[in-house]
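Protein chains in written order, with the working numbering: chain X, -1 to 113; chain L, 30 to 148. Glycine included, every Cβ here is placed at the ideal spot set by N, Cα and C. In what follows, a single structure is set out as structure tokens and then discussed.
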Amino acid sequence: EADIYQTPRYLVIGTGKKITLECSQTMGHDKMYWYQQDPGMELHLIHYSYGVNSTEKGDLSSESTVSRIRTEHFPLTLESARPSHTSQYLCASSEYFEAGPGEQYFGPGTRLTVT
Amino acid sequence: AQTVTQSQPEMSVQEAETVTLSCTYDTSESDYYLFWYKQPPSRQMILVIRQEAYKQQNATENRFSVNFQKAAKSFSLKISDSQLGDAAMYFCAYRSAPGKIQGAQKLVFGQGTRLTINP
């Protein structure tokens, strides 16, 4: 399995709380991604980064924010959680793809429930 | 913008038999990559197989093979000798080739097909 980790795996939290979902990879990949996925549904890209100090919004609008201070670390933060944020969040990273297919490796996901 | 369509929300197959999952995509590009990812229940998404659009030969990985029809923009996945461990959500995905602007080099996923294996 790929060396990409997410914590926590499951989180139940009340409305209005600030949360940070952690994602780390040990493969030295420059590219990292956050996806949002409702159970059994398609993945939606919400944030991506092509390197340190580089972050971009994805295709699906999200109230979350991300940072990329270190190559291996790409945390996602929700300043004020709401029930509409209930979902699964998948982190991924990819190798240098300028010369190849750029396979993405996925973490195990964080299943977030906001009550 | 590129789109990927998986028209089969659910499929089922008897253990040891063969099943084919469909995927079509829409693009104006001539060079790109296609992928099939597998997401088992409560487990990590993993890559099953990939295809480079410039290659005419269909990719094969053990029991998994694809039927890539570039003109028809079709990319189906065939699973032979189905096993219980093949039960999962399967996602088809598209990525532009290198050389395009960085923002375009994201994976575009289909809606997924849930595959059930009947013992």
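My assumption, with CB atoms under 8 Å, is that L/A82 sits in contact with L/Y61. Please give the rounded CB distance.
Working through the second sequence from its first residue, we reach residue 82 of chain L at position 53. Working through the second sequence from its first residue, we reach residue 61 of chain L at position 32. Rounded, the Cβ-Cβ distance is 5 Å, consistent with contact.
Compute the distance between the beta-carbons of X/S92 and X/Y31, then report whether it is under 9 Å.
For the purposes of this step, residue 92 of chain X is taken as residue 94 along the first sequence, with counting starting at 1. For the purposes of this step, residue 31 of chain X is taken as residue 33 along the first sequence, with counting starting at 1. A contact, by the Cβ cut-off of 9 Å.
Bridge partners - L/E81, DSSP secondary structure assignment:
Reading the second sequence from its first residue, position 52 is the one you call residue 81 of chain L. In the DSSP output, where bridge partners are listed per residue, L/E81 has L/Y62.
Straight-line gap, X/R7 to L/Q86 (C-alpha atoms, nearest Å)
Counting from one through the first sequence, the residue named residue 7 of chain X turns up at place 9. Counting from one through the second sequence, the residue named residue 86 of chain L turns up at place 57. Roughly 40 Å separates the two Cα atoms.
Three-state secondary structure assigned by DSSP to L/L136
Position 107 of the second sequence, counted from the first residue, corresponds to residue 136 of chain L. DSSP places L/L136 in coil when its eight states are reduced to three.
Which stretch, first to last residue, makes up the beta strand (DSSP E) that contains X/Q34?
Looking up residue 34 of chain X in the first sequence gives position 36. K29 to Q35 is the span of the beta strand (DSSP E), which, as asked, contains X/Q34.
Meets three-Cβ-pair contact criterion under 8 Å: the stretch 97 to 110 of chain L and the stretch 8 to 19 of chain X:
no
Using a threshold of 8 Å, is the CB atom of L/A122 nearer than that to any non-hydrogen atom of the ligand ATP?
The ligand ATP is absent from the structure shown, which contains no ligands of any kind.
Residues of the stretch 30 to 41 of chain X in Cβ contact with chain L at a cutoff of 9 Å, in chain order, please.
Y31, Y33, Q35, G38, M39, E40 and L41
Helix, strand or coil, according to DSSP, for L/G114 in the structure here?
Along the second sequence, one-based indexing puts residue 114 of chain L at 85. Helix at L/G114.
Other residues of its chain near L/V77: CB distance less than 6 Å, five sequence neighbours each side excluded
Locating residue 77 of chain L in the second sequence gives position 48, counting from the first residue. Closer than 6 Å at Cβ, skipping near neighbours: W65, K67 and F93.
Hey, does L/M74 have any beta-carbon neighbour from chain X nearer than 9 Å?
On the second sequence, position 45 is the one that residue 74 of chain L refers to. It does; some Cβ of chain X falls within 9 Å.
Contacts of X/P106 in chain L (Cβ-Cβ under 8 Å):
Walking along the first sequence from the start, residue 106 of chain X turns up at place 108. Those are R72 and Q73, listed as they occur along chain L.
Can you check which of these residues, X/Q86, X/G100 and X/Y103, is closest to X/L41 by C-alpha distance?
To locate residue 41 of chain X, count along the first sequence from 1; it is residue 43. Checked all of X/Q86, X/G100 and X/Y103; the closest Cα to X/L41 is X/Q86.
I'd like the span of the beta strand (DSSP E) that includes X/L58, first residue to last.
Working through the first sequence from its first residue, we reach residue 58 of chain X at position 60. No beta strand (DSSP E) holds X/L58; DSSP gives it neither H nor E.
Going by the beta-carbon positions, is the gap between L/Q31 and L/T56 smaller than 9 Å?
As a first step, residue 31 of chain L is located in the second sequence; it is residue number 2 there, counting from the start. As a first step, residue 56 of chain L is located in the second sequence; it is residue number 27 there, counting from the start. Yes, these two residues count as a Cβ contact at 9 Å.
In the DSSP assignment, what are the bridge partners of L/M40?
Start at 1 with the first residue of the second sequence, and residue 40 of chain L comes out as number 11. For L/M40, which the question treats as bridged, DSSP gives the partners L/L144.
What does the alpha-carbon distance come out to for the pair L/A133 and L/S125?
Locating residue 133 of chain L in the second sequence gives position 104, counting from the first residue. Locating residue 125 of chain L in the second sequence gives position 96, counting from the first residue. Note that L/A133 has pLDDT 49, beneath the 50 cutoff, so the model's placement of it is unreliable and the number below is only indicative. Whole-angstrom Cα-Cα distance: 7 Å.
Does the beta carbon of L/F64 come closer than 9 Å to any beta carbon on chain X?
As a position in the second sequence, residue 64 of chain L is number 35, starting the count at 1. By this cut-off, L/F64 is an interface position.
Which residues of chain L have a Cβ atom closer than 8 Å to the Cβ of X/G26, listed in chain order?
If you number the first sequence from 1, residue 26 of chain X lands on position 28. Result: empty, since nearest Cβ-Cβ is about 18 Å, beyond 8 Å.
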